[in-house]
Structures are given as structure tokens and as C-alpha cells.
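Here's the structure, in C-alpha cells; my notes come after.
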Amino acid sequence: MTRTLLSLGMVAAALSATGAAFAQSPPGLRPAAASKGMAAIEHAAAGGKYLFVFFWREQNPQTDAMWNVLQPAMGKFGAAAELVAVHVTDPAEKPIVTRFGVDRSPVPLVLALAPNGAITKAFPLKLDEKQLSQAFVSRGTAECLRALQARKLVLLCVQSRSAYVRQVSIQPGVADFAADARFAPATEIVSVDPADPAEASLLRDLQVDPGAVGPTTVLLAPPGSVVGKFVGAVSKEQLVAALQAAQSNPCAGGKCGPGGCGPKR
């Protein structure tokens, strides 16, 4: 699992943990009569902005501390991001609470959503202003995260774009894999240009050489595992073989934990 996509595991942990119950309302954050959370997601996405969602349950020092860090920090992001506060016990906010499993999570909790809806960061219980800027990721990273969070395979195609061609020409092997009835419903193709400086961090974490001659294809599986990496031409058969090998691994999906299977030798 790469460092960039490792946030998937941390997000999953943050959203699955069970926290203490809260009850009161902090000043300025009282629940509105109508839902704001889902509307805020749509508004931010329409404007191509990030959205920071502040989930809270009662006023206490922890809630106040996070809000007092988050609110002023938003001014530094300018038009790049928006903020919404969601009271988790407000019946009107049940759709967004259920969508992100916040009813099973510790609160206060801040989720950062990319314009495409991918969760890029989760901050449970405490927050440092410096951490917030880490929520902004590249387009390629956000697209990979969105697909992986939807439990899909990702075929990341790293290929130089021609100045005269708007879209990368996908390799036949990649296209054939994605079109196969066995994989099509659960596969998404993401393409990035290795010359794009915004994607440098993603490529570095995936250990992809941006100067490689020809395309590089990385097959990713949820939550963020690298199933296979292929430099140059790749066939559908190679991709299928890599996926089958990963599925036969008893530690597939991180089931055995970071230490792997069995005792260390």
C-alpha cells in the first residue's frame, strides 16, 4: 500500500470506530431545520471545490478546540474549499451521517472531500491546522481514491500526453481488461501524465519513474494495494494473472495486518 493511498486505511479506521455519546449544541453550530450536509456536497462539487465536513454531537472542550482550528483555517484556503457543520443527531442530516458511517465513528470528526467526492483525509477527535493542507491532492490521486473507496479496481495509466491529443490513447491490454464482463462493473481507468508536476507525489509513492520510456500501468485494489506494475506494453492476460495471484494470497487486502502472515523469522 502506498503512502498516498494509505489514507484509505486510516479513513476506514476512523469511520468504523465507535466513540462516546454526546448531546449538547456548541454556539454557532446549532442544527438547522433542513439538511445542509448533502446540499453542501453538491454545491462544492458543482464549484470544483473541496469540502470540509465537521461532524459534531455536543459542545465540549474537544468540539470547541477542533472548530476553533478549522474555522479560521478555512480563510487561508480562499475559494478552494468550503465548510459545513453537521450535527449528527439532527434527523435531517441522517443521509450524510449514514453515507459516511459517522454514527459508528468518534466525533467530533472532520472529513475532507475532493470535488469528485473522494475522501482525502479524516481527522477524528483532534486537529492541527498544518494537517488540513494535506487534504488537497492531485486529480489523479483523487480519482484513484474515489474508485478505491467505491471498492473498485483501478488501472492507473501513466503515459505522456501529446500536445496535439487531448486524451491519452489507452493500451489495448488495459482496454480489454476493463471491457471484460468479469471486471467491467468493478474497474475504473485513471490516466495521468508523468510530466504533470501535480502528480509527482503520486508517482513517487507508487515508485513509478516519470522518465520511463513508454507507458507504465499500475493495477490497484481496495483499499489501496498495488496488485501489479507493468512498464511498457501490458496484455489483458498479464493483468488477469496479477489479479489472480493477489486474490490467492492469504494476506490479500491486508487481512494479516502490517506484519504479514505467520511469525517473523
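Counting in the numbering used here, the sequence shown runs from 113 upward without gaps.
Note that CB positions come from ideal geometry on N, CA and C, so glycine has one too.
Item, Value
"Beta-carbon proximity of valine 222 to isoleucine 208, cut-off 7 Å", "no"
"Start-to-end residues for the beta strand (DSSP E) that takes in phenylalanine 235", "231–236"
"Pairwise C-alpha distance: aspartate 215 and alanine 135", "The pLDDT assigned to alanine 135 is 28, lower than 50, so where the model puts this residue is not dependable, and the model offers no usable value."
"Euclidean distance between Cα positions of glycine 323 and aspartate 202", "52 Å"
"Buried versus exposed call for serine 337 [16 or more other C-beta atoms within 10 Å across all chains shown]", "buried"
"Three-way DSSP call (helix, strand, coil) for isoleucine 301 in this model", "strand"
"Secondary structure of leucine 332, DSSP reduced to three states", "strand"
"Valine 304 and glycine 252 closer than 7 Å at C-beta", "yes"
"Proline 139, buried or exposed, once every other Cβ within 10 Å from all chains shown has been counted against 16", "Only weak support is given to the placement of proline 139: the predicted model assigns it a pLDDT of 40, under 50, and the question is left unresolved by the model."
"Residue closest to leucine 331, alpha-carbon to alpha-carbon, out of Ala156, Leu225, Lys148 and Gln359", "Gln359"
"Simplified DSSP state of glycine 160, which is helix, strand or coil", "coil"
"Helix, strand or coil at phenylalanine 189 [DSSP, three-state]", "helix"
"Other residues of its chain near tyrosine 162: CB distance less than 8 Å, five sequence neighbours each side excluded", "Ala156, Phe189, Ala192, Ala193, Glu194, Ala224, Leu225, Ala226, Pro227, Thr232, Ala247 and Phe248"
"Nearest to glutamate 269 (by Cα), restricted to the options Ala296, Asp317 and Pro306", "First, the amino acid is wrong: residue 269 is cysteine here, not glutamate. Selected option, being the one with the closest Cα: Pro306."
"Option nearest glutamine 171 by Cα separation, candidates Val219, Gly160 and Asp288", "Val219"
"Residue span of the alpha helix (DSSP H) that contains lysine 341, given as start and end", "Taken as a continuous stretch (DSSP letters only), lysine 341 belongs to no alpha helix (DSSP H), being part of the beta strand (DSSP E) at 337–343."
"Beta-carbon spacing of glycine 149, glutamate 205 below 7 Å", "yes"
"Glutamine 356 burial status per 10 Å Cβ neighbour count (16 or more: buried)", "exposed"
"Rounded Cβ spacing between glycine 326 and glycine 344 (contact assumed at less than 8 Å)", "5 Å"
"Proximity below 7 Å, CB of valine 200 to CB of alanine 152", "no"
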